[in-house]
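Shown next, in structure tokens, is the structure this report addresses.
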Amino acid sequence: MDGSQTRAILFEMLRSFTTLARTLNLSRAVRELGSTRQTVRRHIAQLEEARGEQLFVLEDRQYRLTKAGREALLDALDILAHGEAWLENQSRRINGLTHIAMEGEGGWGFFLQQHPISKVWTQRAPMLRDGLRAWAMAEGELEHAELEGLRPYLMVFRKLDEEWVCVEVGQRSSYATWYGWKWERSAIGRALPSLPGGSVLARLLARHFEEMAAGHGLRYDHIHTQMARGEEGDFEPVNYRRLLMGCRFPDESFALVSLVERTYDIEIEGLPEERRLSMPAGLAMDDSEVFIK
1 MDGSQTRAIL FEMLRSFTTL ARTLNLSRAV RELGSTRQTV RRHIAQLEEA RGEQLFVLED
61 RQYRLTKAGR EALLDALDIL AHGEAWLENQ SRRINGLTHI AMEGEGGWGF FLQQHPISKV
121 WTQRAPMLRD GLRAWAMAEG ELEHAELEGL RPYLMVFRKL DEEWVCVEVG QRSSYATWYG
181 WKWERSAIGR ALPSLPGGSV LARLLARHFE EMAAGHGLRY DHIHTQMARG EEGDFEPVNY
241 RRLLMGCRFP DESFALVSLV ERTYDIEIEG LPEERRLSMP AGLAMDDSEV FIK
């Protein structure tokens with residue numbers, strides 16, 4: 001097959017690759033794809049030929065990703081997620097920065113707009129300004145004294161296998177005061193709570209974390225969505241500004257630190273005003289901190 005034919009079925013080949021990489025079982029991959037064993041094998045062979053590297057090895061009838069396969073997988077997942085989101089007009093760039101707008105059943109929605117870090121200084125966001133200043137003074141060291149006063153407001157994650165796992169929840173953090181003390185005490189060692197947006201949204205958001213891990217820098221987003229609140233688990237609208245900071249644990253491994261402030265003061269292009277104002281009264285942290293007892 002020549003290059004033009006390969007490109008014409010690129011998405012089909014990527015679906016075969018990512019599904020087989022996830023299941024590592026040809027029969028299961030075929031069932032999930034609604035395809036045939038011959039087709040999936042052909043797609044993998046075509047990708048390997050085009051890339052000039054082996055993506056899988058077959059040992060005792062069990063597929064295993066090669067090192068090249070593992071490295072190629074994240075990009076393949078990104079291409080599929082961005083392609084599907086682009087096709088549905090759910091993801092684009094505004095001034096080179098991420099914008100996501102997804103709406104689903106029952107009024108659920110997820111809206112995100114990435115902003116330049118400089119906006120932390122120009123907006124009314126004293127907690128985020130303090131966080132950014134402390135991060136700079138601490139030079140990214142999580143246990144530095146400059147970050148001590150901020151720790152009650154932070155969530156800290158590290159990557160284990162393919163999951164971003166919570167290793168610390170500040171008692172006054174947005175997550176703790178939204179979900180409640182039982183969740184706060186039970187969150188250590190668990191992955192991030194999933195949202196109803198499915199695999200496309202999950203992959204788009206995971207990419208933000210992976211970019212942070214690669215660059216050890218900063219990221220600033222405004223977000224509106226619905227999340228289960230408190231012990232009842234009812235979904236309620238929430239707006240927040242999120243500052244992600246790349247830090248280091250004492251052993252020099254990467255620590256992803258999230259500082260979140262619930263607020264009505266968010267800027268997301270295309271977000272309906274009624275959605276922005278739909279967060280229940282009294283939950284904005286920039287007006288007063290709210291704790292679930």
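Under full-length UniProt numbering, the first residue of the sequence shown is numbered 1, with each subsequent residue one higher.
Even glycine gets a Cβ: it sits at the ideal position worked out from N, Cα and C.
First and last residue of the beta strand (DSSP E) that includes residue i?
| i | result |
| --- | --- |
| Phe111 | 109-115 |
| His222 | 218-229 |
| Thr98 | 97-103 |
| Glu59 | 56-59 |
| Tyr153 | Run containing Tyr153: none; DSSP gives neither H nor E here. |
| Met245 | 234-248 |
| Glu261 | 254-262 |
| Ser91 | 91-94 |
Could you check the C-alpha separation between residue i and residue j for me, to the nearest Å?
| i | j | result |
| --- | --- | --- |
| Glu162 | Met155 | 19 Å |
| Arg15 | Gly270 | 31 Å |
| Ile44 | Phe17 | 6 Å |
| Phe111 | Arg22 | 28 Å |
| Ile9 | Ala68 | 21 Å |
| Ala255 | Leu142 | 8 Å |
| Arg185 | Gly170 | 10 Å |
| Leu147 | Ala134 | 6 Å |
| Thr36 | Arg51 | 23 Å |
| residue 295 | Thr66 | Any answer about residue 295 is impossible in this case: the structure gives the chain only from 1 up to 293. |
| Ile188 | Thr39 | 43 Å |
| Leu24 | Tyr63 | 5 Å |
| Arg275 | Arg124 | 21 Å |
| Arg70 | Phe11 | 18 Å |
| Gly282 | Gly180 | 16 Å |
| Val120 | Arg41 | 50 Å |
| Pro152 | His115 | 25 Å |
| Asp75 | Gly140 | 28 Å |
| Ile94 | Gly109 | 19 Å |
| Met174 | Arg31 | Per the sequence shown, residue 174 should be read as Ser rather than Met. Ser174 and Arg31: Cα-Cα distance of roughly 42 Å. |
| Glu273 | Leu160 | 39 Å |
| Gly107 | Leu80 | 25 Å |
Which residues bound the alpha helix (DSSP H) around residue i?
| i | result |
| --- | --- |
| His43 | 37-51 |
| Ala85 | 67-87 |
| Arg276 | 273-276 |
| Glu32 | 26-33 |
| Pro126 | 126-138 |
Between the options, which lies nearest to residue i when the distance is taken from Cα to Cα?
| i | options | result |
| --- | --- | --- |
| Thr243 | Arg203, Asp130, Gly83 | One detail in the question is off: residue 243 reads as Leu in this sequence, not Thr. The residue with the shortest Cα to Cα distance from Leu243 is Asp130. |
| Ala284 | Trp178, Ser35, Arg248 | Trp178 |
| Val238 | Asp265, Met212, Met245 | Asp265 |
| Ser253 | Met279, Arg241, His222, His216 | His216 |
| Ala206 | Arg275, Thr122, Ser173, His82 | His82 |
| Ser278 | Gly149, His224, Ala187, Ser173 | His224 |
| Glu105 | Glu274, Gln226, Phe157 | Gln226 |
| Pro250 | Arg31, Gly107, Tyr240, His144 | His144 |
| Arg241 | Leu259, Asp234, Phe235, Cys247 | Leu259 |
| Phe209 | Ser174, Val167, Val257, Arg229 | Val257 |
| Glu88 | Ala101, Ile117, Ala214 | Ala101 |
| Phe157 | Leu97, Ile79, Gly246 | Gly246 |
| Cys166 | Lys182, Gly233, Arg190 | Arg190 |
| Ala176 | Trp86, Arg229, Leu150, Leu97 | Arg229 |
| Lys182 | Gly233, Glu49, Leu150, Gly149 | Gly233 |
| His97 | Glu49, Met137, Ile117 | It should be noted that the sequence gives Leu, not His, for residue 97. When each option's Cα is compared against that of Leu97, the closest is Ile117. |
| Thr263 | Pro126, Gly149, Glu53 | Pro126 |
Can you tell me which residues form a DSSP beta bridge with residue i?
| i | result |
| --- | --- |
| Trp121 | The partner list for Trp121 (beta bridge, DSSP) is empty, contrary to what the question assumes. |
| Phe17 | The partner list for Phe17 (beta bridge, DSSP) is empty, contrary to what the question assumes. |
| Arg64 | Val57 |
| Lys182 | DSSP, once it has assigned bridges, lists no residue as partnering Lys182. |
| Ile141 | Per the sequence shown, the amino acid found at residue 141 is Glu instead of Ile. Answer by DSSP bridge pairing, in chain order: Arg248. |
My assumption, with CB atoms under 8 Å, is that residue i sits in contact with residue j. Please give the rounded CB distance.
| i | j | result |
| --- | --- | --- |
| Ala72 | Leu55 | 6 Å |
| Leu20 | Leu26 | 7 Å |
| Glu84 | Val200 | 5 Å |
| Glu267 | Leu128 | So it is not a contact: roughly 14 Å between Cβ atoms. |
| Met212 | Arg219 | 6 Å |
| Gln113 | Asp221 | 7 Å |
| Leu47 | Met13 | 5 Å |
Let me check you understand the geometry: is the CB of residue i closer than 7 Å to at least one non-hydrogen atom of the ligand FMN?
| i | result |
| --- | --- |
| Arg158 | Annotation note on the ligand FMN: not contained in the displayed structure, which lists no ligands. |
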